[in-house]
Structures are given as structure tokens and as C-alpha cells.
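Following: one structure in C-alpha cells, then a few remarks.
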Amino acid sequence: MWGSPSSSNSSSRRKGVSSSRRGGSSSSGINESKAEKLFEDLCDDDDNAASMEGEILCGVVDDNNNMIATTSSTGICKLCEQLSMDPLEDVRVLVLLWKLGANKKPAEIQKEEWMEGCHKLQVDSIDKFRKLVPGLDTGFLDREEFSDFYKFCFQFNRAGTHKTLEKDLVVALLKMCLVGGRITAHRLDTFCEFLETTKDEGYSKITLDQWRSFLDFSYEYPDAKALKAYDEGMSAWPVLMDEYVEYMENLEKKK
Amino acid sequence: MDNIPVYERDFEESFLGESQDFYRMESTSRLSHAVSGSSATTTTTSDGNSNDNEHDNNSKPAAKYSAMEYVHRARSRLEEEKSRANHLDLPTQTKSALLRIVETELIERHAKTLVEMEGSGFASILKVVAGSPAVGSVAMASANNRMVGAAGGGTLTGSGVAGPRGMTSSENGVVIDRDRIADLAAMYDLFSRVPSSVNHLRNALGERIRLDGRSLVRDQETNVAPPASFVKGVLDMRERFAAVVSDAMRGEKKAQKRMREAFEDFLNADARAANCLAVYVDELLRVGLRGADERKVGRELDRVIVIFRYLADKDVFEAYYKNHLAKRLLGNKSGSEEAERAMVSLLKAECGYQFTSKLEGMFNDMRISKETAEKYRSHKKGLINASADVRDAENGGKPVDVEVSVLSNSHWPSQNVEPCILPTAVKAAMDRFQKYYLSTYTGRKLSWQTSTGGGEIRANLPPLKGSSKLRRHDLSVTTYQMCILVLFNTRDTLTLKQIREETHIPEDELRRHLVSLCTPKHRILRKGSKGKGISGDDDTFTYNADYTSKMTRVKVPMVSMRDATGGAASGSATAAGGAKKGEPAASGSAGTAGALSASNRSGGLVDGSSTVPVAVEEDRRHLLEAAIVRIMKARKMLNHNDLVAEVTRQLSGRFVPPPQFVKKRVESLIEREYLERDEGDRRVYRYMA
Numbered sequence: 001m002w003g004s005p006s007s008s009n010s011s012s013r014r015k016g017v018s019s020s021r022r023g024g025s026s027s028s029g030i031n032e033s034k035a036e037k038l039f040e041d042l043c044d045d046d047d048n049a050a051s052m053e054g055e056i057l058c059g060v061v062d063d064n065n066n067m068i069a070t071t072s073s074t075g076i077c078k079l080c081e082q083l084s085m086d087p088l089e090d091v092r093v094l095v096l097l098w099k100l101g102a103n104k105k106p107a108e109i110q111k112e113e114w115m116e117g118c119h120k121l122q123v124d125s126i127d128k129f130r131k132l133v134p135g136l137d138t139g140f141l142d143r144e145e146f147s148d149f150y151k152f153c154f155q156f157n158r159a160g161t162h163k164t165l166e167k168d169l170v171v172a173l174l175k176m177c178l179v180g181g182r183i184t185a186h187r188l189d190t191f192c193e194f195l196e197t198t199k200d201e202g203y204s205k206i207t208l209d210q211w212r213s214f215l216d217f218s219y220e221y222p223d224a225k226a227l228k229a230y231d232e233g234m235s236a237w238p239v240l241m242d243e244y245v246e247y248m249e250n251l252e253k254k255k
Numbered sequence: 256m257d258n259i260p261v262y263e264r265d266f267e268e269s270f271l272g273e274s275q276d277f278y279r280m281e282s283t284s285r286l287s288h289a290v291s292g293s294s295a296t297t298t299t300t301s302d303g304n305s306n307d308n309e310h311d312n313n314s315k316p317a318a319k320y321s322a323m324e325y326v327h328r329a330r331s332r333l334e335e336e337k338s339r340a341n342h343l344d345l346p347t348q349t350k351s352a353l354l355r356i357v358e359t360e361l362i363e364r365h366a367k368t369l370v371e372m373e374g375s376g377f378a379s380i381l382k383v384v385a386g387s388p389a390v391g392s393v394a395m396a397s398a399n400n401r402m403v404g405a406a407g408g409g410t411l412t413g414s415g416v417a418g419p420r421g422m423t424s425s426e427n428g429v430v431i432d433r434d435r436i437a438d439l440a441a442m443y444d445l446f447s448r449v450p451s452s453v454n455h456l457r458n459a460l461g462e463r464i465r466l467d468g469r470s471l472v473r474d475q476e477t478n479v480a481p482p483a484s485f486v487k488g489v490l491d492m493r494e495r496f497a498a499v500v501s502d503a504m505r506g507e508k509k510a511q512k513r514m515r516e517a518f519e520d521f522l523n524a525d526a527r528a529a530n531c532l533a534v535y536v537d538e539l540l541r542v543g544l545r546g547a548d549e550r551k552v553g554r555e556l557d558r559v560i561v562i563f564r565y566l567a568d569k570d571v572f573e574a575y576y577k578n579h580l581a582k583r584l585l586g587n588k589s590g591s592e593e594a595e596r597a598m599v600s601l602l603k604a605e606c607g608y609q610f611t612s613k614l615e616g617m618f619n620d621m622r623i624s625k626e627t628a629e630k631y632r633s634h635k636k637g638l639i640n641a642s643a644d645v646r647d648a649e650n651g652g653k654p655v656d657v658e659v660s661v662l663s664n665s666h667w668p669s670q671n672v673e674p675c676i677l678p679t680a681v682k683a684a685m686d687r688f689q690k691y692y693l694s695t696y697t698g699r700k701l702s703w704q705t706s707t708g709g710g711e712i713r714a715n716l717p718p719l720k721g722s723s724k725l726r727r728h729d730l731s732v733t734t735y736q737m738c739i740l741v742l743f744n745t746r747d748t749l750t751l752k753q754i755r756e757e758t759h760i761p762e763d764e765l766r767r768h769l770v771s772l773c774t775p776k777h778r779i780l781r782k783g784s785k786g787k788g789i790s791g792d793d794d795t796f797t798y799n800a801d802y803t804s805k806m807t808r809v810k811v812p813m814v815s816m817r818d819a820t821g822g823a824a825s826g827s828a829t830a831a832g833g834a835k836k837g838e839p840a841a842s843g844s845a846g847t848a849g850a851l852s853a854s855n856r857s858g859g860l861v862d863g864s865s866t867v868p869v870a871v872e873e874d875r876r877h878l879l880e881a882a883i884v885r886i887m888k889a890r891k892m893l894n895h896n897d898l899v900a901e902v903t904r905q906l907s908g909r910f911v912p913p914p915q916f917v918k919k920r921v922e923s924l925i926e927r928e929y930l931e932r933d934e935g936d937r938r939v940y941r942y943m944a
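Heads up: the sequence lines are chains A and B, in that order.
Residue numbers for the first sequence follow our numbering, beginning at 1 and rising by one.
Residue numbers for the second sequence follow our numbering, beginning at 256 and rising by one.
Encoded structure:
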């Protein structure tokens, strides 16, 4: 949906114009040096990346692994501050980062990605960023786009080279990106409850496959009625979903 | 016959109708206490067939038949009708319609009743056949009489009851009641005329097997019977029911299938059957087949394989079997080398080379160890005896002999126990061997398994009161016992704590071995605390100068874990086997140290457990993943259900994976990026190159 990396930029670049990044505006419509300066303001001293410095987007974790609020002014948080978005609560921060294309490493955006993203979004100043903000609502994304964004949410929030997310983070993230009718509140709430209450040690970390499966599952089985048709024997859903269904069936029985 | 319609309308219809009514009434009344109807007169047939019951018809209310009486009666009736139809030259259509009616009324209608009838139905007779031979011998006699009376005078076609056949006893000592089998056969033959009725017989067969099988399993669950009796019970059952299927049910395929399924059902209810079978085999190979000829070996082991085939989780059996084999090989307890080899061959024929390659490796290791030991002996002879480090002050100047079994880690059941601290002389001997071995086989690593093996210790005891003779006993002990006893050369009393610190023996084994050295029968040490168990770190153990034994060579037996800890332990460790008779007494102290432990405390493989052992679970994980990757690599793309089916099929020779187990492995492989889900259809997996 965001097209290939070689988007409108190259096609509108006139021949003969120096492709040096320094000096003047390029024909892509944004002032590259301005965009670059913006990045440099945000990014850490030596790295070519604006990061969260090991902080998790949804919250900063202190020594005892407790979630605490922060008004840190590093990297992406600086940007958020300027755009008046709370990185801990506001899903639009993630949408922005996803639109910019921060895909290489979790919890950071690299210079190339930033530059390309600015081109794509046609921004080179904080003002222009601010204008984007209203359009960052997830409601504007169609199903395919949202799927991609949803996957990004998981990937971006991993810690370092880990491939999984901690269960607590998963619950917080789900609640953040799935509110607003994308899936039924019933499905979201009960699943989060299930995750929080399960004693199974195997689910202390969640995999990408499980994360993505939950979304597809929720589309296919939005309510209790649909769930009746769930067939564990034939299902190719992850075992986590089988157990969630069992959990729901037990809840029904208790009523 | 010109006017067929007239025949049908005016004769056939009512003829068939009357016949139907008659037989319906007769059969119903015979199976209950109702009085039989007035149509009794028609039962006196022109072919002169008469019997007691027919006389009864005319004069008194019909007696309720037993199932077999009914069967014989029904057969007579069918014969009568057939015969009469022939005499009267009835057209074929009428004859066949008539017989159909009789069969429906007599057989089909009452099939279920005849099977379930209390005391005399098919199910009851089955129970008698399946049960012990002593039961029902009196009942048998009276039943015989009745049958002879009922059938004696008639002209019965088909397999009649020619007279009591009594009991037959098979080669394996299984007693089969042939008369009851004949009864079952009669019923089967009758039912076969209406094929759908035979289902009831098959159901009864399946149910009987299920019930008897379950009760055998229950005996194991409640520990009222030893594992070997479970296997004997199953083998007997099998022989009896095989006779039922082949003789009474004429060997029909559906019954065979039913029997197989019923056996598989109860044998796979949990992992107990696998364990029991392994114990049974162990007993055979230790004792039962000692000195047996080839024929007997073949016959006994074939019976084992018969049950093995029913097992779904063959890998569980393999794990138990391997453990037992390790103990037999290391303890030199095999009754018959040929029988051991034969067993492995049979397993190989059933499951293929992969199943048995490790087992064969174990035999190989033992053979090579013996050869190595030979070479080591010659090597030692070549060494100059005056060499300083061969002499050993602690041992009175004589070097300690070690007999080492060197085992390849990959073949044997795994053990990972830290070696304990050994007496200096013993350690020196072991080091000498190790030096020799590593110089012969470079690039290998040896780890000593001190949890196995044993030694001979000479106890020099002071004279008893009133005598001046020094006493000597050669104690045959385990490695750990040896380490403990040697400590008492320098001190008379030691606490548990001290012993632990100076030997580094693992706690449970330490306690068990200490207790075994202060039992009433073998009070080599005196324990400070009273009672069976050890009180704590400060409990003391004292050298007992008054220890006596009738024998010069004493084998000190091990106590079970339960006895050592006062009953709190789970599972039970087997006591060391019987005394080694006729072993030559060495001039020095001879020791045997195994290089790999075969105790059953490793990897969660506890005898008598009903769950799959941990080691086997791990194995299964690897096998499953390898199979999934292999299949996906070949197919590139495959949907979930097909993948599960294919994997299950490929592994069915070893075990049957629950679908959820397969799913978990697939998920794990997705996470490790061997596979991915297809973007379009999440039920399809793709191989990631």
C-alpha cells in the first residue's frame, strides 16, 4: 500500500540535477535538508537512528520491571512531544512510525528509513507532521493495510533480537491497537482476560504467529454464536487459540 | 401352474402369513414364560422328527428355553420347513420367501435377546470360555445332557453336537472349553443366515475383551498383581479369543478385526502395558529362557511380539526394554545369549533397523569391552611390577584389579551423575586403565559412572570372644558402599554429614546405601538413631567389630528406596540381583566398574509409571520435527490436515502422536522459520528454504 521504495521520487527527479542531499530542495516536493535536519535533531549523538534507547514504546520499564510513565526526551519521544502524542497511550505514534517505514530494527527508525518515509508522506517540518496527525487513526486503514500495521506493532515492540513479546506487553498492545471496532470488544476483552489468567508457562511469551492468528481468528469468530462452529480437530489455528476456545466454553458452562 | 396370480393370492399369501404368525408366536413364547398357542399340532411333522419339547407343546405351558435350546430348536425348525417344502414341491419363490420369514422371525427378531440372555446367551457363554477353566464344570455337565437329549434323535444337518468334547489344553497351558466353543459355533451358524444379526455377536465379543482387558489393567493400577501376570493374562486371553474367532466364528475377517481393535483399545489405555511387557521380557531373558532350546525361545518370544504389535506407543516399550537390557548386560545377568539376539532380531523384523541399531550397539560395546579388557590384561603383565605407582600401600601392597565396561554414550540409556570420590587405590587403578585406553583410542572422552558397578572388599575383623582367630570376610558391594566402608579404615565413627562430604555420593543414594549397610542381617555398621531411616546430618555410623556372617563371601544386598526413606519415595529401585555364585576369589581385591550407569533413576524412567517417560517425550519431539521438515521439504506446500495425516502415518511404527502434539511442533518450526503460513490460506504451510 505504500508502494515500492522507488516511489514517486525517482520518476520526478529531473536529469542533471545533482542528487546530493545537501543544499536546496529537490524536485520530490520536500526540502531534503530540512527533513534531514529534523532527523538529526531527534537522533542520538552518534547513531544514524532515532531510537527509544531501549525503552519500550508502550511504557518505560524500571529496574524492577514495573511500567512507569516517562517524559523522556530522547529520540522518538521528542517527536511525540512536539506532536502532542503520548507514546504510551496513543496508537497513532505506532501508525506514524509504520507509515514512515521503521522496519529494520525494533524500537527505532533509521536515517534511510526516515528520509524515505518523509518523501512518502511529503513532510519536512514539524508543522507538516502535525497536519498528518488526524489522518493517523487506524480507522482509515482497510483490512489489508491494517493487517500489515498490526504485524508491525508486534515487530516494532520486540526487545532487541528477541522474536517474542512478553505476555503483559501483548495484552497492553492488543488493547491499544484493536479498540475502535476493528474486532468485537467481547473477543478482545475475553482474550486478554484469558491471557492474563492462564497458568500455562508456555504462554509467558507470545510469538508472531500467535499474534497474527488472533486477528484472523477474531474476524472469523467474532461472537459466541460463531464460536460454536469451531472445530478443534480440523483446525490449523495455533494451540493457543484452541485453549482460548476451551476457556470460553468453560465460561459458558459456568453460567 | 397356469394361474400364478391365483396361486399367489389364494394360497401363497395366506400360507406365508400363517407361517409368519406361527413362528412369531412360537419364538416369542419360547423366550418368555408365555403359553404357546394352539398351533402346537402343526409341530408334529411328517418326517418323524420328534423330541421332548414337542411333547411338552401338547400338554403343558412351554418352558422358557435357554439360548442354546432355542438355537437348536430354531435350527430344527428351519430344517423342517426346508424339508417339507421339498416334499411338497413348493415353487422356489415360495420356498425362499418362507425360509426368509422363518429366519426373520426366529433369528433376526431375537438376535439381541439371544446374545444378552442371562446365564445362557452368547455373551454369557463367551464369559465362561474367557474365564478360568474350573468355573462351570458342573454346569457344563448338565448343559451337555440337555443338549444330547434335544439333539440326539433328530436328523440334523450342519454341524451338530456330536457329544461332549471337554477341555483342550494348549502348548502354553491355556485351557479351552471346546463344548462351549461348539455352542458358540452353533449360534454363529444360525445367525449367519441373517448377516446383520452377526453384528450382535461381534459386539458381544468386543465387549467381553474390553471388560476382561480392563480388569487386568486395573489389577496393575492397584498393584495387586505383578507385571508379568498382566502379560500372561493378556496372552491367555488372546489364545482363548483367537479360538473363539477361528472356531466358533469360522475365522471371519470382521470378527478378527473386532478382536484386534478391542485388544488395541485396552492395551493402549496407558503406558502400563508397555512397561509390563518389558518386565515380562526381562524375566524371560534373565531366568525363563535360561538353557531353553531354540524352539522354546522362538515360541515364547513370538508370543511377546504378538502383544508388542498391539502397542501404539512402541517407543515407550523400547525405552523400558533398553533400560532392562543395560542392567542385564552390565550385571552379566542374561540367561541366554541366543535368546537376547533372537529378541532383537524379532524387534528388527517388526520395526526396522532404526529401532534396533542402538540395541545392537549395546551388544557390540560389551563385546569390544571384553576384548579391550583382554588386551589390558596382557598390557599390565608386560609392565614391570616394581614400578612404584603400581604398588599401593593402602592396599597391603597389591594393586587393585579393575574390570571395565566401556560404553558408547549414544547407544546406552543416558546417565549424568557426577562421579563420587573413590578410594585412592581404586582411583589409581581406574586412572591406569584410562591412561591405557586413551592411548589406544585417541580423541575419546571417558566419564566414569560411579552409580553403577561394584567391588569386593576384604573385611579383616578381630576375633570373636573366646577365640583367637582373625576373621576375614569378602564383601561384595556396590561402588558407593565400597566408598563408604573404606572411610572406616581410619575412623571408627562418622556422621552422615562427614560421609557425604568425603564421598560426594548423591543424597538419595547415600542414604539408601548407608541403610543397606546397617540392616539387621548385615550389620556391618551400627547406626546411631533408632528405627529404619536416618535421622539427619548428625546421625552416626560406627564400625561394627562384632559383625558376623556364616559365609566367607557375603553379598550385601541393597534396600529399596522406599525402605531407606521410610516410605516417602516414588517408584522403587530394583534390589541388586541374586548373589554371584562361583566367582573366583581374587588374591588382591578385584573390582568391577561399569562406565555407564544403568540404574532406573535416570531420565524419569520409573518402573510402574503410567505416563510416557520424559526421555521418550524428548525423543518424540525430535522425531516429529524431523518428519515435518522432511515432508514439507518434499512437498513445498501442504495443508494442515494432510500434514498431520502424513506425519502420523510415517511415525506410526513407533508411536501415535496426538494431533495437538503435532500442532505444537509445527508452531515451533514456524517460529524458527522452517515453515510459514501461506498468506492467502492460513491453513496451508509453506516450506521456507
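Backbone N, C-alpha and C define an ideal beta-carbon position, used for all residues, glycine too.
Computed from a prediction, not measured in an experiment: that's the story for all the values here.
Legend entry - Residues that L716 of chain B bridges to, as DSSP identifies them: Looking up residue 716 of chain B in the second sequence gives position 461. For L716 of chain B, DSSP records a beta bridge to B:R726.
Legend entry - Nearest neighbour of Q210 of chain A, chosen from A:E193, A:K37, A:M241 and A:W114 [CA to CA]: Taking the first sequence and counting its residues from 1, one reaches residue 210 of chain A at position 210. Of the candidates A:E193, A:K37, A:M241 and A:W114, the one whose C-alpha sits nearest the C-alpha of Q210 of chain A is A:M241.
Legend entry - Cβ-based burial, V536 of chain B [other Cβ within 10 Å; buried from 16]: One-based indexing of the second sequence puts residue 536 of chain B at position 281. The residue is buried, with at least 16 neighbouring Cβ atoms inside 10 Å.
Inset, instruction - Note the first and the last residue of the continuous beta strand (DSSP E) segment covering N530 of chain B. - result: Position 275 of the second sequence, counted from the first residue, corresponds to residue 530 of chain B. Residue range R527 to E538 is occupied by the alpha helix (DSSP H) that includes N530 of chain B, with no beta strand (DSSP E) assigned at that position.
Inset, instruction - Grab the span of the alpha helix (DSSP H) containing E273 of chain B for me, first residue to last. - result: Counting from 1 along the second sequence, the entry for residue 273 of chain B is found at position 18. E268 to R285 is the extent of the alpha helix (DSSP H) around E273 of chain B.
Legend entry - Proximity of F496 of chain B and M514 of chain B at Cβ, strictly below 8 Å: Locating residue 496 of chain B in the second sequence gives position 241, where the first residue counts as 1. Locating residue 514 of chain B in the second sequence gives position 259, where the first residue counts as 1. If you check the CB distance, F496 of chain B and M514 of chain B come in under 8 Å.
Legend entry - Neighbour list for I925 of chain B in chain A, Cβ cutoff strictly below 8 Å: Here residue 925 of chain B corresponds to residue number 670 of the second sequence, with the count starting at 1. One finds T207 and D209 in chain A with Cβ atoms closer than 8 Å to the Cβ of I925 of chain B, taken in chain order.
Legend entry - Within chain A, partners of N914 of chain B - CB distance below 8 Å: What you label residue 914 of chain B is simply residue 659 of the second sequence in a count that begins at 1. The question names Asn, yet the displayed sequence has Pro at residue 914 of chain B. Those are G233, listed as they occur along chain A.
Inset, instruction - Taking a Cβ distance cut-off of 7 Å, strictly less, list which residues of the region 126-142 of chain A are near chain B, in chain order. - result: The region 126-142 of chain A vs chain B, Cβ under 7 Å: nothing.
Inset, instruction - Report yes or no: is there a C-beta of chain A within less than 8 Å of the C-beta of M504 of chain B? - result: Position 249 of the second sequence holds residue 504 of chain B. Using a Cβ-Cβ cut-off of 8 Å, M504 of chain B does not count as an interface residue toward chain A, since no Cβ of chain A sits closer than that to its own.
Legend entry - Classification of K630 of chain B by the beta-carbon crowding that lies within 10 angstroms, buried from 16 upward: As a position in the second sequence, residue 630 of chain B is number 375, starting the count at 1. By the neighbour-count definition (other C-beta atoms within 10 Å, threshold 16), K630 of chain B is an exposed residue.
Inset, instruction - List the whole-angstrom C-beta distance separating R433 of chain B from G421 of chain B, where the pair is believed to meet the contact cut-off of C-beta under 8 Å. - result: Taking the first residue of the second sequence as position 1, residue 433 of chain B is located at position 178. Taking the first residue of the second sequence as position 1, residue 421 of chain B is located at position 166. Between R433 of chain B and G421 of chain B, the beta carbon gap of about 6 Å places them in contact (Cβ cut-off 8 Å).
Legend entry - Beta-ladder partner(s) of F796 of chain B, from DSSP: As a first step, residue 796 of chain B is located in the second sequence; it is residue number 541 there, counting from the start. According to DSSP, F796 of chain B bridges with B:L749 and B:K782.
Inset, instruction - May I have the straight-line CA-CA distance separating T297 of chain B from K319 of chain B, to the nearest angstrom? - result: For the purposes of this step, residue 297 of chain B is taken as the residue at position 42 of the second sequence. For the purposes of this step, residue 319 of chain B is taken as the residue at position 64 of the second sequence. Residue confidence for T297 of chain B is low, a pLDDT of 43 falling below 50, so the modelled location carries little weight; the figure read from the coordinates is stated next. Each residue's alpha carbon lies about 20 Å from the other.
Legend entry - Chain-order list of residues whose beta-carbon lies under 6 Å from that of I760 of chain B (same chain, five-residue window excluded): In the second sequence, counting from the first residue as 1, residue 760 of chain B sits at position 505. Hits under 6 Å: C675 and Y735.
Legend entry - is_contact[G826 of chain B, chain A] using C-beta, thresh 8 Å: Taking the first residue of the second sequence as position 1, residue 826 of chain B is located at position 571. Residue placement at G826 of chain B is poorly supported in this model, since its pLDDT is 27, which falls under 50; the coordinates still yield a value, given next. The beta carbon of G826 of chain B does not come within 8 Å of any beta carbon belonging to chain A, so the residue lies off that interface.
Inset, instruction - Check whether the Cβ atoms of R332 of chain B and V370 of chain B lie closer than 8 Å to each other. - result: For the purposes of this step, residue 332 of chain B is identified with residue 77 of the second sequence, where counting begins at 1. For the purposes of this step, residue 370 of chain B is identified with residue 115 of the second sequence, where counting begins at 1. Result no, Cβ atoms of R332 of chain B and V370 of chain B do not sit closer than 8 Å.
Inset, instruction - Give me the Cα-Cα distance between M323 of chain B and S379 of chain B, rounded to the nearest whole angstrom. - result: For the purposes of this step, residue 323 of chain B is taken as the residue at position 68 of the second sequence. For the purposes of this step, residue 379 of chain B is taken as the residue at position 124 of the second sequence. Our two residues, M323 of chain B and S379 of chain B, have alpha carbons roughly 11 Å apart in a direct line.
Legend entry - Beta-carbon gap between V91 of chain A and C192 of chain A smaller than 8 Å: Translated into the one-based positions of the first sequence, residue 91 of chain A becomes position 91. Translated into the one-based positions of the first sequence, residue 192 of chain A becomes position 192. No.
Legend entry - Contact between the region 567-576 of chain B and the region 866-876 of chain B (3+ Cβ pairs under 8 Å): Judged by Cβ distances under 8 Å, the region 567-576 of chain B makes contact with the region 866-876 of chain B, as three or more pairs qualify.
Inset, instruction - Can you grab the Cα-Cα spacing for the pair E426 of chain B / K551 of chain B, in whole Å? - result: Working through the second sequence from its first residue, we reach residue 426 of chain B at position 171. Working through the second sequence from its first residue, we reach residue 551 of chain B at position 296. Note on geometry: alpha-carbon atoms of E426 of chain B and K551 of chain B lie some 11 Å from one another.
Legend entry - Neighbour flag for E249 of chain A against chain B, beta carbons, 8 Å: The residue given as residue 249 of chain A occupies position 249 in the first sequence. Answer no: the Cβ-Cβ gap between E249 of chain A and chain B never drops below 8 Å.
Inset, instruction - Would you list, in chain order, the members of the region 894-908 of chain B that have their beta-carbon closer than 8 Å to a beta-carbon of chain A? - result: Cβ contacts with chain A: N894, H895 and N896.
Inset, instruction - Could you name the residues of the same chain whose beta carbon sits closer than 6 Å to that of H777 of chain B, not counting the 5 residues immediately before and after it, in chain order? - result: As a position in the second sequence, residue 777 of chain B is number 522, starting the count at 1. So the qualifying residues of the chain are V811.
Legend entry - Three-state class that DSSP yields for D242 of chain A in the structure shown: For the purposes of this step, residue 242 of chain A is taken as the residue at position 242 of the first sequence. Residue state for D242 of chain A is assigned as helix, using DSSP reduced to three classes.
Inset, instruction - Find the residues of chain A that neighbour K918 of chain B, judging by a C-beta separation of less than 7 Å, and give them in chain order. - result: To locate residue 918 of chain B, count along the second sequence from 1; it is residue 663. Within chain A, the residues near K918 of chain B are V239.
Legend entry - CA-to-CA distance, Q915 of chain B to V499 of chain B, given in whole angstroms: By one-based count along the second sequence, residue 499 of chain B stands at place 244. By one-based count along the second sequence, residue 915 of chain B stands at place 660. Between the alpha carbons of V499 of chain B and Q915 of chain B lies a distance of about 39 Å.
Legend entry - Extent of the continuous alpha helix (DSSP H) to which Y802 of chain B belongs: Mapped onto the second sequence, residue 802 of chain B falls at position 547. DSSP places Y802 of chain B in no alpha helix (DSSP H); its state is neither H nor E.
Legend entry - Range of the contiguous beta strand (DSSP E) that encloses R420 of chain B: Mapped onto the second sequence, residue 420 of chain B falls at position 165. Here R420 of chain B belongs to no beta strand (DSSP E), and DSSP marks it neither H nor E.
Inset, instruction - Measure how close the beta-carbons of A684 of chain B and V657 of chain B come, nearest whole angstrom, since I'm counting them as under 8 Å. - result: Taking the first residue of the second sequence as position 1, residue 684 of chain B is located at position 429. Taking the first residue of the second sequence as position 1, residue 657 of chain B is located at position 402. Distance from A684 of chain B to V657 of chain B at the Cβ level is roughly 5 Å; contact confirmed, criterion being Cβ atoms closer than 8 Å.
Inset, instruction - Answer yes or no: does any C-beta atom of chain B fall closer than 8 Å to that of D124 of chain A? - result: The residue labelled residue 124 of chain A in the question sits at position 124 within the first sequence. No - not a single Cβ of chain B is within 8 Å of the one on D124 of chain A.
Inset, instruction - Let me know if T627 of chain B comes out buried or exposed under the rule of 16 or more other beta-carbons within 10 Å of its beta-carbon. - result: Residue 627 of chain B sits at position 372 when you count from the first residue of the second sequence. Buried: at least 16 other Cβ atoms inside 10 Å.
Legend entry - Straight-line gap, D265 of chain B to F446 of chain B (C-alpha atoms, nearest Å): Indexing the second sequence from 1 puts residue 265 of chain B at position 10. Indexing the second sequence from 1 puts residue 446 of chain B at position 191. Answer to the nearest angstrom: the Cα atoms are 32 Å apart.
Inset, instruction - Kindly list, in the order they appear in chain A, the residues whose Cβ is closer than 9 Å to that of E922 of chain B. - result: Counting from one through the second sequence, the residue named residue 922 of chain B turns up at place 667. What E922 of chain B touches in chain A: T207, D209, Q210, P238, V239 and L240.
Legend entry - DSSP three-state assignment for L132 of chain A, whether helix, strand or coil: Against the first sequence, residue 132 of chain A aligns to sequence position 132. In the three-state scheme derived from DSSP, where H, G and I count as helix and E and B as strand, L132 of chain A is classed as helix.
Legend entry - Coil, strand or helix - N304 of chain B by DSSP: Position 49 of the second sequence, counted from the start, is the residue given in the question as residue 304 of chain B. In this prediction, N304 of chain B scores a pLDDT of 46, lower than 50, which makes its location untrustworthy; no coordinate-derived value is stated.
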